[in-house]
Every structure is written in structure tokens, then in C-alpha cells.
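In my numbering, the protein residues as written are 419 to 708.
Every residue gets a Cβ at the ideal spot worked out from N, C-alpha and C, and that includes glycine.
The structure appears right after this line, and notes come after that.
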Amino acid sequence: MKIRLMTPIPPDLVLEILTYINECRDDLRACCLVCRAWRRLAQPFIFSELSLSLESHSHSWNQKFATYPHLARYVTRLNLWGGNWGEADALLLLENQPRFLERPATVELLRRLPNITYLKMNDFFLPSEREIEVLCHFTRLEWLKMYEVVFNETPALLNLMSQSVNLKVLHIKDVEIITHTGEDLIGPALHDFVDAVPKRLRNVKLQDPTASLYIFSWLSGGVFDLSDLTDLTLSWGCLPTNRHPPLPGELSSYVDSFISIVSAGIKHLRLHIEMSELDAKSNINYMLGE
């Protein structure tokens, strides 16, 4: 009985195949079962993205990366979920327990990841310097997405951004600063701060910025260089909101002023307003201002 040997697939062709299926982890894992060569070539795709929300996740990943250190270098995208920080952090404070980003296993894991270029943060309250220091480890960031992130005092946000010298894309939704010195001082403090290396943003997306208009002052200040900004997206949920929004004229002045600053280089400007049919007319009038 003759055994026919199959012609091996060239590595370059394997890599080309993997690029078409890298969005589907199940398909990638199936490819790894084909042969050892496929497994080795698929590893950069399989381990390119990591999602964390519990310290138990950090323990298991620490064990894996301790056994196979080269896998940690493949991780370039990191998603962090803080959960319902309002209730969770209150409980941790009562129990005198460290928060997720302060826990030893989490700190150890994040320090194992030298090549993070994409960071997405959801539902975080960042009151401690140690939490900010942990995130400042990612000095190669090019993409930063912050959704429902609350900072304790203005310097916390400024310190987080100071290390991201390669940042090109910034997406923000419900980012707030809690301060004891008065909310009116947040905007000027953010605007007047001059970073050693201004971040040359190319893409900015602001979702529901109405509650934190000082974000516009921050973006147009000394932390960023907007001369390369070509893509701007502003989006709002149904308006008026239940967050005691500013007067129409105040909102319009912030938006108009920011767009006038960056308009020269903008190639793609997107404005999104989600609204119910019932309130469509009043919402449009609210956005246009007086």
C-alpha cells in the first residue's frame, strides 16, 4: 500500500490564509490543530488581543506567559473592564481591598505586555496614583478608547496621557473628572497644561461630550497637536439629557470653537444625533443653539 505524502503549504501562503480568518478565533484555533507549523504561524493572531475584567483572569494569563514568554510579545490590543465601579469600589473600600488595577496579579500581567498599541477601558474609577502608574506602562499606545471612565482630580488624566507619545487615535465617551477645587477650574487647567511631547492626533471621536465640556478645552490645549487631525466624529444620544445639560448657547460655543480650531485639516467630519421621532424638533433646536 502506497502512502502519498501531501505537498506542504508554503509558510507565506499560510500567513495569507490566516489574515482572512484572523477575526474569528474559533477558525484560528481550528487552524492550529492542522499541524505544528500552522500553530506556530497562527500564534501572533490568536494572542494579539487580550480582555480582562477579573483578577482570576490575570492569574491564568500570568501562568501561561510564564510558561511561554514569547506569547506576551504578541499582545498588541488590550481591553479592560472595571465593572460597575460605583458599587464595586464602595465595597472594596469597606473591605480595605485593592482595586482591580492595583492587585498584584493584574499589575504583574500588565507589566508583561510590552507591545500594547491599542487600549480600551470601560467603567473605571481611577482615584489612585498607582492605578495611573500601571497604565502609564503602555508607552507605545497609538489607539486609546475610554468609555465611562472617571478620574480623581485633573492631574490623573494628564499623567495618564503624558506617556502616550505615539497616540494617534482617541475615542472618548462619558469621561469625567471629580475635583474638590471647583468644576469651573477643570477646563483652564487642562487647556493650559503643556506636555513635553504633544500628541499628534489623527482621529478623534467624542460621544456624548455634553456633560464634560472641559474635554474640548483639553483637546485644544497644550497636551495635543491637532495639526494632523483629519477625522473627527461628534455624537450625542437623545437630547435633552437628564444630566442637567448646559444652555444651548454654551454647548454651541464649545462645539463651534473646537471645530474652527481643527477645521483646516479635517477630511472627514461626522455628526451623529440619536433621537426619538417625538422629540426630533426640540432636540435639533437644542443642538443648534440660539
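- CA-to-CA, the gap between residue 476 and residue 531 works out to about 12 Å.
- Within the model, the alpha-carbon separation for residue 469 versus residue 595 is close to 25 Å.
- According to the DSSP assignment, residue 651 belongs to the beta strand (DSSP E) that extends over 649-654.
- Judged by DSSP in its simplified three-state form, residue 610 adopts helix.
- In the DSSP assignment, residue 550 falls within the alpha helix (DSSP H) that extends over 547-553.
- In this chain, the beta strand (DSSP E) harbouring residue 590 covers 587-596.
- Each of 487, 685, 563, 541 was checked against the Cα of residue 527, and the nearest Cα belongs to 487.
- In the structure shown, residue 432 adopts helical secondary structure according to DSSP, grouped into three states.
- Between the region 602-616 and the region 544-561, the count of Cβ pairs shorter than 8 Å is below three; the stretches do not touch.
- Beta-bridge pairing by DSSP links residue 624 to 590, 652.
- Looking only at 645, 674, 626, the smallest Cα-Cα distance to residue 654 is reached by 626.
- Annotation: residue 517 is outside any beta strand (DSSP E) and is labelled neither H nor E by DSSP.
- Counted as a single uninterrupted DSSP element, the beta strand (DSSP E) harbouring residue 536 occupies residues 536-544.
- Counting of Cβ neighbours within 10 angstroms places residue 679 among the exposed residues, the total staying below 16.
- For residue 640, same chain residues with a beta-carbon under 8 Å away, outside a window of 5 residues either side, are 609, 610, 611, 612, 613, 616 in chain order.
- Each residue's CA atom was taken as its position, placing residue 589 and residue 457 some 34 Å apart.
- Between residue 489 and residue 465, the CB-CB gap stays under 9 Å.
- Shown here, residue 560 sits in coil according to DSSP, grouped into three states, outside any helix or strand.
- Distance from the Cα of residue 633 is smallest, within the candidate group 675, 645, 649, 598, for 675.
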